[in-house]
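The block underneath contains the structure these notes are about, expressed in structure tokens.
In this note's numbering, the protein residues as written are 8 to 252.
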């Protein structure tokens, strides 16, 4: 059954509406009507649902709550320096499938791309749609939040709200005794919210690294090979899934 996310709390009578593009998808693409069934996700819970009215919007009745244990036990936010091209689309989609809790893009010192503030809302909305579709496809019960682009200063301020901050730093891989990501993960079992910082194509600058280190961030190597900026988050999330799930 197709999965749809609905905002808000579960109503007492368990009758709610699916609107907008999702309603059009149900009626025009899936060609579903009264009596047909789908999966509705609301307030972090997945329900088998029945369509009870299909006029302009789709009205559904939330029936049996489905048992689901699909979310990463850690709330992992990916902070990535703005990359070139459409790499942010790929990072959003695949990281959602791998269990990311939220995405926080930031303008790094070595980011080549300059974020157009005038088009910011449109770009963030597009990324949020990609995250929503990926969450539906991977049968999640949470859609990752796509934050507005932060400056590095704003990133540092946001980092204070996390239980742990990890920085993937390519120079760590070249050191004589690199901090292994697997070893760091074993120290995080008592942590709930984790921020992992990745640089853009040119990596994190020495000034940024110094600021993060001074703030208490943990620096790690992601193995002996240097990963592309769009590959590193997938490596990290996959390793976290292996460790914690």
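Each residue gets a CB set at the ideal place from its N, CA and C atoms; glycine is no exception.
The structure displayed is predicted, hence computed values, not measured ones.
Distance, residue j Cα to residue i Cα
| i | j | result |
| --- | --- | --- |
| residue 251 | residue 186 | 19 angstroms |
| residue 205 | residue 85 | 8 angstroms |
| residue 101 | residue 136 | 13 angstroms |
| residue 58 | residue 35 | 14 angstroms |
| residue 71 | residue 45 | 11 angstroms |
| residue 156 | residue 39 | 38 angstroms |
| residue 247 | residue 53 | 24 angstroms |
| residue 210 | residue 116 | 9 angstroms |
| residue 226 | residue 141 | 29 angstroms |
| residue 77 | residue 24 | 24 angstroms |
| residue 144 | residue 158 | 32 angstroms |
| residue 216 | residue 154 | 22 angstroms |
| residue 98 | residue 128 | 18 angstroms |
Closest residue to residue i among the options (Cα-Cα distance)
| i | options | result |
| --- | --- | --- |
| residue 74 | 146, 248, 169 and 21 | 146 |
| residue 33 | 214, 51, 16 and 62 | 62 |
| residue 243 | 189, 13 and 166 | 189 |
| residue 15 | 78, 149, 122 and 82 | 149 |
| residue 176 | 228, 82 and 221 | 228 |
| residue 20 | 43, 114, 11 and 56 | 56 |
| residue 254 | 199, 193, 232 and 215 | The shown model of the chain, from 8 to 252, leaves out residue 254, and the question about it has no answer. |
| residue 60 | 82, 26, 111 and 48 | 26 |
| residue 195 | 168, 23 and 83 | 83 |
| residue 224 | 47, 22 and 191 | 191 |
| residue 43 | 8, 22 and 13 | 8 |
| residue 172 | 51, 203 and 142 | 203 |
| residue 178 | 81, 212 and 111 | 212 |
| residue 170 | 94, 222, 29 and 47 | 222 |
| residue 49 | 31, 30, 10 and 80 | 10 |
Residue(s) in a DSSP beta bridge with residue i
| i | result |
| --- | --- |
| residue 57 | 44 and 68 |
| residue 111 | 86 |
| residue 175 | 227 |
| residue 245 | Residue 245 pairs with nothing; no bridge assigned. |
| residue 203 | 85 and 173 |
| residue 157 | 113 |
| residue 126 | Residue 126 is not bridged to any residue. |
| residue 121 | According to DSSP, residue 121 bridges with nothing at all. |
| residue 152 | 109 |
| residue 49 | 13 and 52 |
Terminal residues of the beta strand (DSSP E) in which residue i lies
| i | result |
| --- | --- |
| residue 11 | 10-13 |
N-terminal and C-terminal residue of the alpha helix (DSSP H) that residue i is part of
| i | result |
| --- | --- |
| residue 103 | 94-104 |
| residue 24 | From DSSP, residue 24 is part of no alpha helix (DSSP H) but of the beta strand (DSSP E) over 22-25. |
| residue 215 | 213-221 |
| residue 190 | 188-192 |
Using 8 angstroms as the threshold, is the segment 230-240 in touch with the segment 56-71, meaning 3 or more CB pairs across them?
no
Taking contact to mean 3 or more Cβ pairs, one atom from each stretch, closer than 8 angstroms, check whether the segment 158-178 and the segment 117-126 are in contact.
no
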